[in-house]
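K.L.:
2 protein chains.
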Amino acid sequence: MPKIIAERSDVIPVLAEIFREYGYEGASLSLIASRTGLGKGSLYHFFPGGKEEMASEVLREIDGWFEDAVYKPLRDGDDPRAAILEMCRSVATYFWSGKRVCLIGAFALDNVRDRFSDAIRDYFAVWQRSLQQALVRIGHDADRASDIAEDAILSIQGALVLSRALDDTAVFERAMARVETGLLAGPDQGNGRTGP
Amino acid sequence: MPKIIAERSDVIPVLAEIFREYGYEGASLSLIASRTGLGKGSLYHFFPGGKEEMASEVLREIDGWFEDAVYKPLRDGDDPRAAILEMCRSVATYFWSGKRVCLIGAFALDNVRDRFSDAIRDYFAVWQRSLQQALVRIGHDADRASDIAEDAILSIQGALVLSRALDDTAVFERAMARVETGLLAGPDQGNGRTGP
DNA sequence: ATAAATGTTTACCGATTGGTACAATAAAGC
DNA sequence: GCTTTATTGTACCAATCGGTAAACATTTAT
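As they're listed, the protein sequences go chains W and P.
Under numbering that gives the first Met the number 0, the final residue of the first sequence carries the number 195; numbering is consecutive throughout.
Under numbering that gives the first Met the number 0, the final residue of the second sequence carries the number 195; numbering is consecutive throughout.
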């Protein structure tokens, strides 16, 4: 094999950051080439499908990360309470307290949504279902757990939008604190937000 | 004056819909020209500043609509409770139960955020402050009202992201119902979400 | 009627877009 | 040491990008 400056898997996180910063349309091939240090030839060698395949792989990698770091512990962990707490911590770290955008959320609002609709839907659907399962194991009934999980995920996404719009990480941190207390409030005490 | 097929003010809502569908970068001038029925020359006659001016005017118009239909009643209306209820109704209608994207929220996640950062920040900041004032008039203390208002706006934005990602308007409607009850819960009963 | 103001159309600009072709290069296997 | 195979750089492509120029049409004020 010839000289390997970078493997395909090394390039994907760089691509992810580029898409996050510039969006799908805004990330031109020349920009990608210069930021990755790879020529167009190499890029199309690694990703024959072009920009669309690059973005697909990025989405897959993000989904994989969340699957391992967040979803799986929520579903299979011994302690659902601890998994939920860990989710909040992971999410806050991952999104750099709101400074880093959720690429999948951004794609959902973009016109490229249709192109990646399956990946986008799965990402949120699996997250919601995993969180719901953890809540059920805490003692909530299924419907209530579904509602709470939905509200938590949507609050995180909204927090990313609002903290970025106001350029204020405190917005994100306050929202995460609210999400955490909302998720960990037991099934006995109502929280006035999701239910009867 | 020469023949007027469309006034500037007539074009702006069309532009808004184009930007909503395709994003800032995705809305090419030729697309804009064909959708508005105006040639490039006419476009640049109405908007000498080009695409950036078109987007600015769209943002201004959106802000103006919210100012009249939502913010002002929240601040100055006789009945703050009614104004809050009306806000929820207006928002649900405006966003077509989640099928229509919040252009300003989408811009906030996009790389064009820097270009329109002032308009984006003001839109959300004024919304939050107006809603906070209404909550204070209901009887909340200032800090608590600020927190509740922030949570409501962020939930709406997150609901738009999530309902679009899952392609399910029910997500948006459930979220709006939660927002409404959260906003209208009196200052006496805690709601477990924003509380001390 | 005519001049001036106001829109509109069309052709065009250089730059950049995503993508392709292909030769050059470098290492691994024999 | 030669061939094979995987990677890279360069040149190039048609298409489209945002934007400009200027001739052209239409209407109002005089």
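All residues carry an ideal CB built from backbone N, CA and C; glycine is no exception.
In angstroms with no decimal places, state the Cα-to-Cα distance between V100(P) and G38(W).
P.N.:
Whole-angstrom Cα-Cα distance: 37 Å.
K.L.:
Going by the CB atoms, is the gap between A107(P) and I119(P) shorter than 7 Å?
P.N.:
Yes, the Cβ-Cβ distance between I119(P) and A107(P) is below 7 Å.
K.L.:
For E172(P), does the three-state DSSP call read helix, strand or coil?
P.N.:
Note: E172(P) maps to helix in three-state DSSP.
K.L.:
With a threshold of 6 Å on Cβ separation, who are the neighbours of Q156(W) within its own chain once the five nearest residues in sequence on each side are excluded?
P.N.:
G104.
K.L.:
Can you tell me whether D75(W) is buried or exposed? The criterion is at least 16 other CB atoms within 10 Å of its CB, across all chains shown.
P.N.:
Answer is exposed; the Cβ neighbour count stays below 16.
K.L.:
Give me the Cβ distance between S96(P) and A68(P), rounded to the nearest whole Å; I'm assuming they're in contact under 8 Å.
P.N.:
Actually they are not in contact, since the Cβ atoms of S96(P) and A68(P) sit about 17 Å apart, beyond 8 Å.
K.L.:
So the candidates are I83(W), E60(W) and S27(W); which of them puts its Cα closest to the Cα of E179(W)?
P.N.:
It is I83(W).
K.L.:
Curious, which full-length beta strand (DSSP E) runs of at least 3 residues does the stretch 36 to 115 of chain W contain?
P.N.:
If we require 3 residues or more, the stretch 36 to 115 of chain W turns out to have no beta strand (DSSP E) run fully inside it.
K.L.:
Please confirm whether L183(W) has its beta-carbon closer than 7 Å to some beta-carbon of chain P.
P.N.:
No - not a single Cβ of chain P is within 7 Å of the one on L183(W).
K.L.:
Please list, in chain order, the residues of the stretch 142 to 175 of chain P that have any C-beta partner in chain W closer than 8 Å.
P.N.:
Those residues of the stretch 142 to 175 of chain P that come within reach of chain W (Cβ to Cβ, closer than 8 Å) are D146, E149, D150, I152, L153, S154, I155, Q156, G157, A158, L159, V160, L161, R163, A164, L165, D166, V170, R173 and A174.
K.L.:
Going along the chain, which residues of the stretch 111 to 144 of chain P sit with their C-beta nearer than 9 Å to a C-beta in chain W?
P.N.:
So the list reads V111, R112, S116, I119, R120, Y122, F123, A124 and Q127, given in the order they occur along the chain.
K.L.:
Sorted by chain position, which residues of the same chain lie with C-beta nearer than 7 Å to R34(W)'s C-beta, five sequence neighbours on each side aside?
P.N.:
Same-chain partners within the cutoff: V13 and I17.
K.L.:
Quick one: which chain P residues come within Cβ less than 7 Å of G25(W)?
P.N.:
E24 and N110, listed in chain order.
K.L.:
Considering just the uninterrupted stretch of the alpha helix (DSSP H) at P186(P), what are its terminal residues?
P.N.:
That residue, P186(P), is in no alpha helix (DSSP H); it is neither H nor E in DSSP.
K.L.:
Could one say the Cβ of A54(W) lies closer than 7 Å to chain P's Cβ atoms, at least one of them?
P.N.:
Output row for A54(W): interface = no.
K.L.:
Using C-beta distances below 6 Å, list every residue in its chain close to A151(W), excluding the 5 sequence neighbours before and after it, in chain order.
P.N.:
Within the same chain, A151(W) has close Cβ partners V178 and L182.
K.L.:
To which residues of the same chain is E85(W) closer than 7 Å at the C-beta, ignoring the five residues directly before and after it?
P.N.:
The answer, listed in chain order, is P72.
K.L.:
Considering only C-alpha positions, which residue in the set L130(W), D146(W), D166(W) and R7(W) is nearest to P79(W)?
P.N.:
Ranking L130(W), D146(W), D166(W) and R7(W) by Cα distance to P79(W) puts L130(W) first.
K.L.:
Does V100(W) have its Cβ less than 7 Å from a Cβ in chain P?
P.N.:
Yes, contact with chain P.
K.L.:
If I measure Cβ to Cβ from C87(P) and keep anything under 8 Å in the same chain, skipping five residues before and after, which residues do I get?
P.N.:
Counting only Cβ-Cβ distances below 8 Å, and skipping sequence neighbours, we find M175, V178, E179 and L182.
K.L.:
How should A148(P) be labelled, buried or exposed, when 16 other C-beta atoms within 10 angstroms of its C-beta is the threshold for buried?
P.N.:
It counts as buried.
K.L.:
Would you please state the rounded distance, in angstroms, between the beta carbons of D62(W) and D121(W)? I believe it to be under 8 Å.
P.N.:
The pair is a contact, with the Cβ atoms about 7 Å apart (cut-off 8 Å).
K.L.:
Do L134(W) and A144(W) have their beta-carbon atoms positioned less than 7 Å apart in this structure?
P.N.:
Yes, the Cβ-Cβ distance between A144(W) and L134(W) is below 7 Å.
K.L.:
Considering Cα atoms alone, identify which of T92(W), D187(W), W64(W) and E56(W) is closest to R7(W).
P.N.:
If we check each option's Cα against that of R7(W), E56(W) comes out closest.
K.L.:
Got a sec, what are the start and stop residues for the alpha helix (DSSP H) D146(P) sits in?
P.N.:
From DSSP, the alpha helix (DSSP H) with D146(P) extends over A141 to A164.
K.L.:
Any C-beta of chain W sitting closer than 7 Å to the C-beta of Y21(P)?
P.N.:
Yes, Y21(P) lies at the interface with chain W (some Cβ there is under 7 Å from its Cβ).
K.L.:
For D9(W), report the span of its alpha helix (DSSP H) as first-last.
P.N.:
R7 to G25 is the extent of the alpha helix (DSSP H) around D9(W).
K.L.:
Nearest by alpha-carbon distance to F65(P): which of Y43(P), Y93(P), F46(P) and G40(P) is it?
P.N.:
The option with the nearest alpha carbon to F65(P) is Y93(P).
K.L.:
Using a Cβ cut-off of 7 Å (strictly closer), state whether G49(W) contacts chain P.
P.N.:
So, not an interface residue.
K.L.:
Is D121(P) helix, strand or coil by DSSP?
P.N.:
Note: D121(P) maps to helix in three-state DSSP.
K.L.:
Looking at chain P, is there any beta carbon in it that lies within less than 7 Å of the beta carbon of A32(W)?
P.N.:
No, no contact with chain P.
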